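Working notes for the structure below.
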Amino acid sequence: MHLAYNSNGWRLFPVTTALQQLADMGYSGIELSCQPDQLFPIGFPKDEAKTIRETAQHAGITISNLHAGDRNLLGPNGEPSLISPEPEGRAKRIRANKGAIDLCVELGAEITVVTSGPLHSEMTSTDAWRYLVDGLGECIEYAQHAGVFVLVEPEPELFIRSTFDFLALVKALGCPRRLGLNLDVGHSHCLYENTPDVIRETSEYLMHVHLEDISKRQHKHLMPGEGEINFSSIHEALQEIKYSRYVSVELYDHFDDPGRAARQAREFLSSWTVAIPCAG
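Put into structure tokens, the structure is as follows:
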């Protein structure tokens with residue numbers, strides 16, 4: 053497996069700065085997070101995408117994937133989302149997801165990560181499932197033509213919050229080939245899941261992993277080694293399923309000094325990965 057770092061921790065810096073510094077630290081990949089003022093996926097300029105791609109190639113670091121599920125990307129608290137009550141909001145989220153797919157093509161990445169959005173109090177689960185299946189299905193069909201995979205990330209506060217929810221979504225969508233799982237080990241821990249078992253049970257869908265630590269099951273991303281997650285058992289499970297893709301450190305609260313955070317995480321996880329670019 054290969055180690056990446058999520059650029060949401062570098063959101064106050066140019067993407068090219070994050071690329072170069074992470075490469076110098078020995079990271080073989082970078083997960084690019086779409087932000088309101090950085091890599092906004094709707095109408096992102098092709099010349100800027102070309103610059104980012106060429107900078108990554110020159111630095112010797114792979115763009116592992118694009119994450120289009122930041123909760124403040126289109127507005128506060130993950131809104132609008134794929135399950136927003138208003139059709140205009142759902143349409144905007146679909147445009148953003150499709151824009152991220154287009155940006156993957158421009159950057160030479162094969163994966164984009166999305167989320168479901170939160171369930172509104174006035175909405176039934178039946179309506180939410182219908183909106184989600186329709187909207188995500190449209191995105192997956194778009195990704196199919198682009199040669200990109202769409203990964204869903206379960207989050208504790210969202211409609212698709214658990215691994216069980218993700219597997220139900222796979223079934224509802226008819227098991228599309230371009231759909232996969234982004235497993236955040238901290239989210240799994242917050243929900244009292246047995247994360248090593250989750251890794252084994254979802255191995256056919258698992259295409260990207262987020263790493264951070266968690267304390268007292270509270271959804272707050274901590275530096276690996278500062279919480280209660282058993283990283284050794286997670287590492288063993290990933291090795292057991294012969295996971296060969298990227299694990300990405302996600303420390304979005306460490307944006308004041310992302311270089312220090314990235315170096316500390318790299319040291320803690322040094323035995324996990326090889327520091328060479330991964331092609332697939």
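Taken in order, the sequence shown gives residues 53 to 332; the numbers are from our numbering. From the three backbone atoms N, C-alpha and C, an ideal C-beta is built for every residue, glycine too. Since this is a predicted model, take the numbers as computed values, not measurements.
The beta carbon of Y194 lies closer than 7 Å to those of K150, I153 in the same chain, with the five residues before and after it left out.
Closest in alpha carbon position to C242, among P248, K223, S214, E253, is S214. Relative to the Cα of S323, the nearest Cα in the group T176, V67, G78, D305 belongs to G78. Secondary structure at M77: helix, using DSSP grouped into helix, strand and coil. Secondary structure note for Y298: its beta strand (DSSP E) is the uninterrupted segment 298-301. By the criterion of a C-beta distance shorter than 7 Å, H172 is surrounded in its chain by P137, once the five residues flanking it on both sides are discounted.
In the three-state DSSP reduction, E83 falls in the strand class (E or B).
Judged by DSSP in its simplified three-state form, V204 adopts strand.
Annotation for P310: G61, W62 place their beta carbon closer than 6 Å to its own, counting only its chain and skipping 5 residues before and after. Take L203, set aside five residues on each side of it, and the residues of its chain with a beta-carbon closer than 8 Å to its own are N117, I163, T164, V165, V166, L231, G232, L233, N234, M259, H260, in chain order. Rounded to whole angstroms, the gap between the alpha carbons of Q109 and N124 is 29 Å. Residue pairing by DSSP leaves D308 without any beta bridge partner. In this structure the segment 261-279 lies against the segment 294-308, because at least three pairs of beta carbons, one per stretch, are closer than 8 Å. Taking a C-beta distance under 8 Å as the contact criterion, S59 and S85 qualify as a contact pair. For G279, the secondary structure class from DSSP, reduced to helix, strand or coil, is coil.
Comparing alpha-carbon positions, the option among P93, T103, M53, F96 lying closest to Q72 turns out to be T103. Contact between the segment 181-189 and the segment 126-142 is present: 3 or more CB-CB pairs across the two stretches fall below 8 Å. DSSP places Y57 in the uninterrupted beta strand (DSSP E) bounded by 54-58. When C-alpha distances from E100 are compared across F65, L219, S296, L159, the shortest belongs to L159. With contacts defined as CB atoms closer than 8 Å, E280 and S296 fail to qualify as a contacting pair. D122 and L188 have their C-alpha atoms some 16 Å from each other.
Cβ-Cβ distances below 8 Å link R105 to I115, E158, L159, G160 in the same chain, with the five nearest sequence neighbours on each side left out; the list follows chain order. If you ignore the 5 residues before and after S133, its C-beta comes within less than 6 Å of the C-beta of R145, G169, all in its own chain and listed in chain order.
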